[in-house]
Amino acid sequence: MCALLLILVVSLATAAVLRGDLFTSAMPVQANPALAAEKENGLTQLRLTNEANAANKNIDKPNTHAGARLVALTFDDGPNPYITTAILDFLAEHDVVATFYVLGNLVNRHPKIVSRMAEEGHQVGNHTQTHRELPNIGAEARRWEVETARDIISKVIGHEPTTIRPPFGSTTQAVRDEFDVPNILWSVDPWDWYNRCADYVTEHVLSRTQDGCIILLHDVYHHTYEATRRIVPALLEQGFVFVTIDELLALRGEAQPG
Ligand SMILES: [Zn+2]
Numbered sequence: 007m008c009a010l011l012l013i014l015v016v017s018l019a020t021a022a023v024l025r026g027d028l029f030t031s032a033m034p035v036q037a038n039p040a041l042a043a044e045k046e047n048g049l050t051q052l053r054l055t056n057e058a059n060a061a062n063k064n065i066d067k068p069n070t071h072a073g074a075r076l077v078a079l080t081f082d083d084g085p086n087p088y089i090t091t092a093i094l095d096f097l098a099e100h101d102v103v104a105t106f107y108v109l110g111n112l113v114n115r116h117p118k119i120v121s122r123m124a125e126e127g128h129q130v131g132n133h134t135q136t137h138r139e140l141p142n143i144g145a146e147a148r149r150w151e152v153e154t155a156r157d158i159i160s161k162v163i164g165h166e167p168t169t170i171r172p173p174f175g176s177t178t179q180a181v182r183d184e185f186d187v188p189n190i191l192w193s194v195d196p197w198d199w200y201n202r203c204a205d206y207v208t209e210h211v212l213s214r215t216q217d218g219c220i221i222l223l224h225d226v227y228h229h230t231y232e233a234t235r236r237i238v239p240a241l242l243e244q245g246f247v248f249v250t251i252d253e254l255l256a257l258r259g260e261a262q263p264g
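Residues in the sequence shown are numbered from 7 upward in steps of one, following this note's numbering.
(1) Quick one: which unbroken alpha helix (DSSP H) runs of 4-plus residues sit fully inside the region 161-193? Chain order, please.
(2) To test your reading of the DSSP string, which unbroken alpha helix (DSSP H) runs of 4 or more residues are found completely within the region 100-128?
(3) Go through the residues and name those whose CB comes closer than 6 Å to any heavy atom of ligand 1, in chain order.
(4) Which same chain residues, not among the five before or five after I190, have their C-beta less than 6 Å away from its C-beta?
(5) Is the distance from the Cβ of A204 to the Cβ of A240 below 8 Å?
(6) Taking just the CA atoms, how far does F185 sit from Q179?
(7) What do you reckon, are the CB atoms on L223 and P173 nearer than 8 Å?
(8) Taking the alpha-carbon positions, what's the L257 to A78 distance?
(9) If I measure Cβ to Cβ from T91 and keep anything under 7 Å in the same chain, skipping five residues before and after, which residues do I get?
(10) So if DSSP puts N132 in a beta bridge, which residue, or which two residues, is it bridged to?
(11) Answer with buried or exposed for Q129, where buried requires no fewer than 16 other C-beta atoms within 10 angstroms of its C-beta.
(12) Whole-angstrom Cβ separation of T230 and D198, contact assumed at under 8 Å?
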């Protein structure tokens with residue numbers, strides 16, 4: 007009798023587990039602040055990016071960064087109503103994220119392009135208000151350049167930009183120390199402002215990009231848009247995973263600090 011009862015209880019319990027009854031209704035899911043914070047951070051975004059890239063390009067390991075070659079595309083000096091918009095359309099087609107270092111005075115003119123960047127998972131960085139060379143102006147002017155742009159960007163995207171790209175890549179340790187967020191430079195620079203040829207820019211970038219590289223482009227030139235259309239599919243084909251600067255810093259530490 008006892009044995010039969012035991013079998014009955016075990017059978018019922020097994021059936022309940024198979025149906026998923028146990029541990030679901032009995033254990034209400036509590037909001038977990040740590041998990042919520044994790045959802046907010048860039049790593050979750052990176053996983054989603056990887057999944058999106060994998061869906062497009064059949065990357066073998068969609069949920070892990072082990073062995074993944076990472077690359078960060080950065081675009082300076084926008085937003086530009088034509089070129090930036092075309093680049094955003096193209097990046098969306100490929101589910102690729104980038105980082106846009108925008109000028110505050112242009113954000114004022116084209117706020118919708120910048121809010122679109124944030125909505126589509128791109129990072130928006132601070133390229134100052136009017137593109138002056140920071141070490142060559144006084145501390146007060148420097149603060150105005152950085153903080154005015156910071157406040158304008160914050161109003162549009164809902165939070166302060168987490169990195170600064172100093173105009174012309176010009177910075178010093180003293181300038182870095184004046185601000186709470188890091189200066190970020192780059193590791194691959196085709197001089198697209200000088201070499202106005204999509205073929206040259208494409209070849210320069212593809213021949214030099216390695217794991218962890220930060221590519222500098224400017225979303226104000228049509229030839230840069232044309233080069234982007236070639237660079238992105240080629241790097242995806244090579245298995246690169248596109249990440250934002252914050253994601254790259256989170257995964258690789260202070261990579262290529264400026
Ligand atoms: Zn610039």
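Every residue, glycine too, gets a C-beta built ideally from N, C-alpha and C.
So, from the listed chains and residues:
(1) Segments of the alpha helix (DSSP H) lying fully in the region 161-193: 179-183.
(2) As far as the region 100-128 is concerned, its whole alpha helix (DSSP H) runs of at least 4 residues are 110-115 and 117-125.
(3) Per the Cβ criterion, the list is D82, D83, H133, H137 and P173.
(4) Within the same chain, and ignoring the five residues on either side of I190 in sequence, the residues whose Cβ sits closer than 6 Å to its Cβ are T169, R171, I251 and G264.
(5) With respect to A240, A204 sits apart: the two C-beta atoms are not nearer than 8 Å.
(6) One C-alpha to the other measures close to 11 Å.
(7) Result no, Cβ atoms of L223 and P173 do not sit closer than 8 Å.
(8) Each residue's Cα considered, the two are about 12 Å apart.
(9) Around T91: I119.
(10) In DSSP, N132 forms a bridge with V108 and I170.
(11) Counting every other CB atom within 10 Å of its CB across the protein chains shown gives Q129 a total of 16 or more, marking it as buried.
(12) Rounded, the Cβ-Cβ distance is 5 Å, consistent with contact.
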